[in-house]
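Here is the structure we will look at.
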Amino acid sequence: GSRYLSLIGGVCMSFYDWYCDLPPASPQVWGEQTDVPESADWYNSSFIIAWGSNVPQTRTPDAHFFTEVRYKGAKTVAVTPDYSEVAKLSDLWLHPKQGTDAALAMAMGHVVLKNFYFPDGGKPRSSYFDDYARRYTDLPLLVMLKEHTLADGSKTLVPDRYLRASDFNGQLGQKNNPEWKTVAFDTDGKAVLPNGSIGFRWGEAGRNDEGKWNLQAKEARSDTDVKLKLSVIEDGEQDTQVVGVAFPYFGGDASPHFTANAQNGSINHARVPAVRLRLGKAGEERHALVATVFDLQVAQYGIDRGLGSGAKDFDDNAAYTPAWQESITGVPRDQVITVAQQFADNADKTHGKSMVIIGAAMNHWYHADMNYRGVINLLMMCGCIGQSGGGWAHYVGQEKLRPQTGWVPLAFATD
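The numbering of the sequence shown is our numbering, which starts it at 13 and goes up by one.
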């Protein structure tokens with residue numbers, strides 16, 4: 013495909029954008045291609061979901077790690093529409109209808125958020141998940157909300173883009189790439205500039221922000237330790253307001269392949285806590301509402317936080333609950349609740365040793381990136397990405413073995 017496009021003068025971009033074995037969700041989420049563990053790391057896991065990856069058939073030389081890890085107590089779950097070889101090697105088999113994996117993953121994420129981030133009965137939030145989310149995900153980062161006119165003429169707020177250092181008067185003191193540096197609140201409600209955004213990656217040698225393209229929990233300007241806020245209402249001290257935000261909903265669209273679950277049209281309305289900030293240069297000030305990624309994601313997943321929206325319980329047929337997915341995927345809600353609870357509980361106790369082995373099967377569907385992003389969200393919420401024995405393990409072909417030097421001239425028609 014790349015050779016054909018190159019010969020006719022087409023545009024290739026990243027081959028993750030069109031090569032149907034590889035997940036476009038990976039560069040969408042991380043900005044880079046898949047970088048996954050070798051199969052020997054499966055043995056370090058204690059809970060493995062083989063999601064659309066028929067390990068004994070498509071990775072036969074590595075399959076022994078999948079069977080051997082069970083001898084030391086690891087639980088294995090197969091997610092495949094057919095009773096495949098990997099299902100025989102697993103403790104439980106979930107069989108969603110083909111292409112409905114995103115619905116299943118969203119429902120599992122709903123369970124994790126409800127039971128581990130907002131547990132009932134005054135139980136504390138998982139301290140490991142909480143710390144991981146603040147340090148290693150974009151959940152604390154601030155997103156601007158903008159007004160949007162819907163098809164019926166009504167107006168609502170929708171998520172726009174990340175808040176950046178360049179939006180502030182004085183650009184938060186940043187001269188190097190301020191438009192590429194994202195902003196969060198610390199636990200005192202002060203706007204801070206955490207290390208690690210792409211704006212710190214590039215620039216001239218000797219610049220004052222050199223060496224800060226990392227995931228250390230530090231404020232970039234002062235180089236001091238910082239704890240970021242996940243939610244703007246977590247301490248009750250910040251001047252917040254609860255606003256209505258609209259999210260697109262595609263689960264009600266009729267399809268010859270999937271069973272629709274109609275809700276209230278193509279828009280989900282949710283209540284989100286937000287903060288109004290003064291932005292812009294002196295004399296050009298403007299006000300903008302911002303919310304954390306975490307607050308937006310919790311609203312999107314339909315979690316009831318007492319703000320006036322969200323599902324009553326797991327049996328409520330509201331978007332992204334276990335009951336909601338049952339009519340779409342065909343997987344019993346009780347199985348979804350059980351697997352999500354056990355997967356997250358294991359990740360909490362082992363600090364991330366829950367893994368999803370995933371392959372190309374899910375990637376051959378339209379909107380395949382949604383299938384993958386649902387799984388990636390689940391793994392991030394459980395603190396699994398980057399942990400030995402945890403995270404996502406996407407495998408296709410022999411990508412790490414091919415001699416690239418000889419392949420490139422042919423693939424991109426440079427010969």
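Glycine included, C-beta positions come from ideal geometry on N, C-alpha and C.
Asked	Found
Span separating the alpha-carbon of Val302 from that of Leu291	11 Å
For Ser267 and Trp225, the rounded distance between their alpha carbons	44 Å
Asn383 versus Gln110, Ser57 and Leu101, residue with shortest Cα-Cα distance	Gln110
Buried or exposed by the 16-neighbour rule on C-beta atoms within 10 Å, applied to Tyr407	buried
Spatially closest choice to Gly215 from Asn189, Pro206 and Glu231, by CA coordinates	Asn189
Top-ranked residue by Cα proximity to Leu106, from Asp357, Ala62, Phe141 and Asp74	Ala62
Lys84 - DSSP class collapsed to helix/strand/coil	helix
Straight-line gap, His281 to Trp419 (C-alpha atoms, nearest Å)	49 Å
Limits of the beta strand (DSSP E) - the one that Met367 falls within	Ser366 to Ile370
Whole-angstrom C-beta distance between Arg146 and Leu242, which should lie under 8 Å	6 Å
Buried or exposed (CB count within 10 angstroms, at least 16 for buried), Phe306	buried
DSSP three-state assignment for Lys361, whether helix, strand or coil	helix
Segment contact flag, the region 229–247 with the region 198–215, C-beta cutoff 8 Å, min 3 pairs	yes
Residue range of the unbroken beta strand (DSSP E) whose run includes Gly403	Gly403 to His406
Rounded C-alpha distance that separates Val195 from Gly201	12 Å
Pro68 vs Glu97 beta-carbon contact at 7 Å	yes
Given 8 Å, three or more beta-carbon pairs between the region 116–125 and the region 391–399	yes
Contact belief for Val255 with Ala300 at Cβ below 8 Å, rounded distance in angstroms	Going by Cβ atoms, the distance from Val255 to Ala300 rounds to 12 Å, so no, they are not a contact pair.
Asp427, buried or exposed, once every other Cβ within 10 Å from all chains shown has been counted against 16	exposed
Whole-Å CB distance - Met367 paired with Ala405, under 8 Å assumed	6 Å
C-beta contact flag for Phe262 and Gln312 at 7 Å	no
Cutoff 8 Å; reference Arg137; Cβ partners in own chain excluding five residues on either side	Phe128, Tyr129, Phe130 and Pro131
Alpha carbon of Lys158 to alpha carbon of Gln253, nearest angstrom	15 Å
Phe60 and Thr92 closer than 7 Å at C-beta	Per the sequence presented here, residue 60 reads as Ile, with Phe not at that position. No, Cβ-Cβ distance for Ile60 and Thr92 is not below 7 Å.
Inter-residue CB distance, Val348 and Met120 (contact presumed, cutoff 8 Å)	6 Å
DSSP three-state assignment for Tyr174, whether helix, strand or coil	strand
Three-way DSSP call (helix, strand, coil) for Val48 in this model	coil
Coarse secondary structure for Leu169, derived from DSSP in three states	strand
At least 3 beta-carbon pairs within less than 8 Å: the region 74–88 vs the region 40–57	yes
Pairwise C-alpha distance: Pro171 and Val343	31 Å
From Pro35, Thr236, Tyr16 and Ile210, residue whose alpha carbon lies closest to that of Ala4	Given a span of 13 to 427 for the chain in the structure shown, any question on residue 4 remains unanswerable.
Coarse secondary structure for His122, derived from DSSP in three states	helix
Residue span of the beta strand (DSSP E) that contains Lys202, given as start and end	Taken as a continuous stretch (DSSP letters only), Lys202 belongs to no beta strand (DSSP E), as it is neither H nor E.
Per-residue burial, Pro73 [other beta carbons within 10 Å of its own, 16 or more giving buried]	exposed
Cβ of Ala145 within 7 Å of any chain D Cβ	Among the chains in the structure shown there is no chain D, since it carries only a single protein chain.
Arg15 and Ala323 closer than 7 Å at C-beta	no
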